[in-house]
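Have a look at the structure below, then the notes.
In my numbering, the protein residues as written are 2 to 154.
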């Protein structure tokens with residue numbers, strides 16, 4: 002029963018994030034493979050938690066987008082903290098980009114739906130470019146916002 006509730010919650014959450022489908026479908030398997038490699042390379046407990054959350058996210062997103070790459074890890078006591086971290090991490094990133102676009106005065110800030118790690122200026126430039134937002138202003142506001150925004154590693 003809990004597993005069904007979590008699947009429904011994740012389905013709604015992915016709907017809220019509204020990330021675009023990726024092409025080709027092999028993108029999902031490639032992304033999962035990258036995340037699994039990063040998980041293997043993680044050294045600290047926090048890095049392992051973060052990378053495991055990325056693996057869970059890759060599996061969940063692929064399933065939501067209709068390109069399942071494997072079964073979703075069970076909702077068991079040993080995984081609850083990973084699911085909680087994943088929800089916090091990616092929701093925080095998604096909201097960070099929306100708020101940054103809003104503060105830049107982007108007329109279509111509601112269409113900004115991104116979850117890439119905003120800790121690097123290069124990622125801010127990429128997101129600004131994808132959404133036709135002034136990259137200088139987006140980067141400047143994003144840098145200021147990073148100082149106070151609760152971003153997860």
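The C-beta atom is built at its ideal place from N, Cα and C for all residues, glycine as well.
- Linking residue 127 to residue 57 through their CA atoms gives a straight-line distance of about 24 Å.
- Per DSSP, reduced to three states, the secondary structure at residue 15 is helical.
- Fewer than three Cβ pairs drawn from the region 9-23 and the region 45-56 lie within less than 8 Å of each other, which leaves the two stretches out of contact.
- Cβ neighbours of residue 134 within its own chain (closer than 7 Å, five residues either side excluded): 102, 105 and 107.
- In the three-state scheme derived from DSSP, where H, G and I count as helix and E and B as strand, residue 115 is classed as coil.
- Separation of the CB atoms of residue 94 and residue 110 is rounded to 15 Å, and the pair is thereby denied contact status at 8 Å.
- Per DSSP, the unbroken alpha helix (DSSP H) holding residue 136 starts and ends at 136-147.
- Look at residue 96 here: in three-state DSSP terms it is helix.
- From the listed residues 30, 76 and 79, the smallest Cα separation to residue 59 is found for 30.
- Taking 8 Å as the cut-off, the Cβ atoms of residue 51 and residue 11 do not count as close.
- The residues 75 and 76, in chain order, have a CB closer than 7 Å to that of residue 4 in the same chain once the five nearest residues on each side in sequence are set aside.
- Nearest Cα to residue 97 within the set 65, 150, 49 and 137: 150.
- Judged by DSSP in its simplified three-state form, residue 2 adopts coil rather than helix or strand.
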